[in-house]
Amino acid sequence: MVSDAEMTTTTHVAFLPESWATDTQDAMQFAEVLSKLVNTKFESDMSIGRILHIPHRSNLTTQTKTEGIANTIVFEAITQTNQDITVSTYEYSAILLNAVVEAQSGYNDRQALSNAMGYTLMRGMEVSIAALFQSFSQIVGTLGASIDMALLLRAWQYLADGGFATDAAFALSPAMASDLFSSDKLTSKDFVGVSAIENATLPQILGFPAYTSNLLRSPATGQREGALIHKTATILIRQIEPTPKTSYLMRYNAEGLLMFDLYATAEAQQPAEAPGSESLGDTGAVLIRGA
283 MVSDAEMTTT THVAFLPESW ATDTQDAMQF AEVLSKLVNT KFESDMSIGR
333 ILHIPHRSNL TTQTKTEGIA NTIVFEAITQ TNQDITVSTY EYSAILLNAV
383 VEAQSGYNDR QALSNAMGYT LMRGMEVSIA ALFQSFSQIV GTLGASIDMA
433 LLLRAWQYLA DGGFATDAAF ALSPAMASDL FSSDKLTSKD FVGVSAIENA
483 TLPQILGFPA YTSNLLRSPA TGQREGALIH KTATILIRQI EPTPKTSYLM
533 RYNAEGLLMF DLYATAEAQQ PAEAPGSESL GDTGAVLIRG A
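Under my numbering, think of the first position of the sequence shown as 283, with each following residue one higher.
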């Protein structure tokens, strides 16, 4: 005698297939920001060589000439030095793609992994640039604390005191940007013409564009180091831009994929405006401490 029975996922397990998604859920990749805010003009000087020497040039002294043949001209000469930058940051990303995996995989692994290698090299360069900020001598803010307009005004004044009126930019963390979204002077249509809140994009601040980076240095949890930097204050020299290489390795029956670069980052040594002698500083950069 047959009694009622339901066909369940247990009784029919042999007939229920498993499926794989046609696409993958990839890790988040942050935007490239800092490498676009720095000085790259010296890259053309480094088609060959390992060390770049950048001479300093100071301002000459204004002298007063008094009439009379006894009052002769005084010729001026300033002993100048140079900044040396060694191109030695050699980074790479590499994978070994097994022939069986490549044949049987349902995904375009080669393309996806190539994109991932390109991202990791970009990320390494951004982190290297961000690491320069901690050495800036001009500092505003407190690690882990909020930032406000008064703090940004002081950062602006530092650059203004040094004579840097254009070609600078703010590099801020998302938390720093969030602090500023509460300021009507920076986000209200009444002051900036468009709603920064609606666009979630900061407007120009005191005449300088403001960018948000997720790759700023974090000395500890809840702490970030942003900056206000003039274009000339930090130097990036990419002697080898991210370059892909592939090679079939017979003993592994696998395809080796490699991407590498060679570059240097440095804080520029800025000769002071004061004439008559060489005095170096970093007046075109301000470290902004916050969250």
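Note that beta-carbon positions come from the ideal geometry of N, C-alpha and C, so glycine has one too.
Buried versus exposed call for residue 506 [16 or more other C-beta atoms within 10 Å across all chains shown]: With 16 or more other Cβ atoms from the protein chains shown falling within 10 Å of its own Cβ, residue 506 counts as buried.
Within 7 Å, strictly: CB atoms of residue 377 and residue 531: Here residue 377 is not near residue 531, since their CB atoms are 7 Å or more apart.
Test item: CB-CB of residue 444 and residue 514 under 7 Å: Contact: no.
Enclosing alpha helix (DSSP H) for residue 409 [first to last residue]: 391-414 is the span of the alpha helix (DSSP H), which, as asked, contains residue 409.
Opposing strand residues paired with residue 529 [DSSP bridges]: Under DSSP, residue 529 shares a beta bridge with 538.
Integer Cβ distance of residue 557 from residue 341, believed to fall under 8 Å: Contact between residue 557 and residue 341 holds: their C-beta atoms lie close to 4 Å from each other, under 8 Å.
Status (buried if at least 16 other CB within 10 Å, exposed otherwise) for residue 575: No answer is possible for residue 575: the residues shown for the chain start at 283 and end at 573.
Rounded Cβ spacing between residue 511 and residue 451 (contact assumed at less than 8 Å): Under the criterion of beta carbons closer than 8 Å, residue 511 and residue 451 qualify as touching, at roughly 6 Å.
Beta-carbon proximity list for residue 372, same chain, < 6 Å, skipping 5 on both sides: In chain order, 544 place their CB closer than 6 Å to the CB of residue 372, counting only its own chain and leaving out the 5 sequence neighbours on each side.
Cross-strand partners of residue 286 (DSSP beta bridge): Paired residue(s): none; residue 286 is not in a bridge.
Alpha-carbon to alpha-carbon, residue 353 and residue 326: Straight-line Cα distance between these residues: approximately 47 Å.
Rounded straight-line distance, which links the Cα of residue 299 to that of residue 288: Spanning the two alpha carbons is a distance of roughly 19 Å.
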